[in-house]
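Colleague: First the structure, which I've put down as structure tokens, then a few questions once you've had a look.
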Amino acid sequence: MTPMDNLLVVAGMSRGGTSFLYHNLQKNRGFFLPARKEIGYFAYHYSQGDDWFRKFFAELEPPQVPVDICGVYFMTPEAPARIQSFAPDAKVILGIRTLSDWIFSLYDHYATLFDMPEFPAFLERFEFVREGVPVTYSFEPGRIARTIQTYQDTFGDR
1 MTPMDNLLVV
11 AGMSRGGTSF
21 LYHNLQKNRG
31 FFLPARKEIG
41 YFAYHYSQGD
51 DWFRKFFAEL
61 EPPQVPVDIC
71 GVYFMTPEAP
81 ARIQSFAPDA
91 KVILGIRTLS
101 DWIFSLYDHY
111 ATLFDMPEFP
121 AFLERFEFVR
131 EGVPVTYSFE
141 PGRIARTIQT
151 YQDTFGDR
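The sequence shown begins at 1 in the working numbering and counts up one residue at a time.
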């Protein structure tokens, strides 16, 4: 068993409490959180390879639990399979908000970071560049329910 086998991933919605969890888990020595909250490995940095991801956990000391928190994982359809492939025993926390509250909060927050389209266009499809890599959000009907179901199917009670 390697230290990364017990990986905990917080793949909750952006604007769904991920920063709160990051700062509070940092206070507990039983967890190891990299200095950088959103590594984004299982989303927009997957092509960098496992060793690139592991370097963020170089100071991990067993029995600490390594924690990776990134809200973009929730909107990346490939993320659950990538997490499962990397750490088959990983545990995942999904932070979920009421859909309407989440979308308005996300839009308002992103408006402070990006040149935003009108709200109806945002709901159809929104793409932004994160660390040089395009990230696409799509809010088509049923998308959120399918995402939650995919995480449940992939990780069960973990």
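Idealized CB from N, CA, C, for every residue including glycine.
Owing to the predicted nature of the structure, the values given are computational and were not obtained by experimental measurement.
1. If we count Cβ pairs, one from each stretch, closer than 8 Å, do we get three or more for the segment 25-32 versus the segment 103-123?
2. Going by DSSP, which residues form a beta bridge with Arg146?
3. If you draw a straight line from the alpha carbon of Met75 to that of Pro63, how long is it in whole angstroms?
4. Less than 8 Å separating the beta-carbons of Asp50 and Phe86?
5. When the Cα atoms are used, what is the spatial distance from Pro120 to Thr154?
6. How about the segment 89-106 and the segment 52-62: do they share at least three Cβ pairs that are nearer than 8 Å?
7. Any contact between the segment 92-101 and the segment 30-48? By contact I mean 3 or more CB pairs, one from each, below 8 Å.
8. Using the beta-carbon count (16 or more within 10 Å), is Ala90 buried or exposed?
9. Confirm the yes/no value for this check: CB of Leu94, any heavy atom of the ligand SAH, distance under 7 Å.
10. Under DSSP, the beta strand (DSSP E) around Pro80 begins and ends at which residues?
Modeller: Inspection of the coordinates gives the following:
1. no
2. For the purposes of this step, residue 146 is taken as residue 146 along the sequence shown, with counting starting at 1. For Arg146, which the question treats as bridged, DSSP gives no partner whatsoever.
3. Taking the sequence shown and counting its residues from 1, the one referred to as residue 75 is at position 75. Taking the sequence shown and counting its residues from 1, the one referred to as residue 63 is at position 63. Rounded to the nearest angstrom, the two C-alpha atoms are 31 Å apart.
4. Taking the sequence shown and counting its residues from 1, the one referred to as residue 50 is at position 50. Taking the sequence shown and counting its residues from 1, the one referred to as residue 86 is at position 86. Cβ distance < 8 Å, so Asp50 and Phe86 count as in contact.
5. As a first step, residue 120 is located in the sequence shown; it is residue number 120 there, counting from the start. As a first step, residue 154 is located in the sequence shown; it is residue number 154 there, counting from the start. Rounded to the nearest angstrom, the two C-alpha atoms are 32 Å apart.
6. no
7. no
8. By one-based count along the sequence shown, residue 90 stands at place 90. Classification of Ala90: buried, given that the 10 Å Cβ count is 16 or more.
9. This structure lacks the ligand SAH, and indeed carries no ligand of any kind.
10. In the sequence shown, the residue the question calls residue 80 occupies position 80. Element bounds for Pro80: not the beta strand (DSSP E) but the alpha helix (DSSP H), 79-86.
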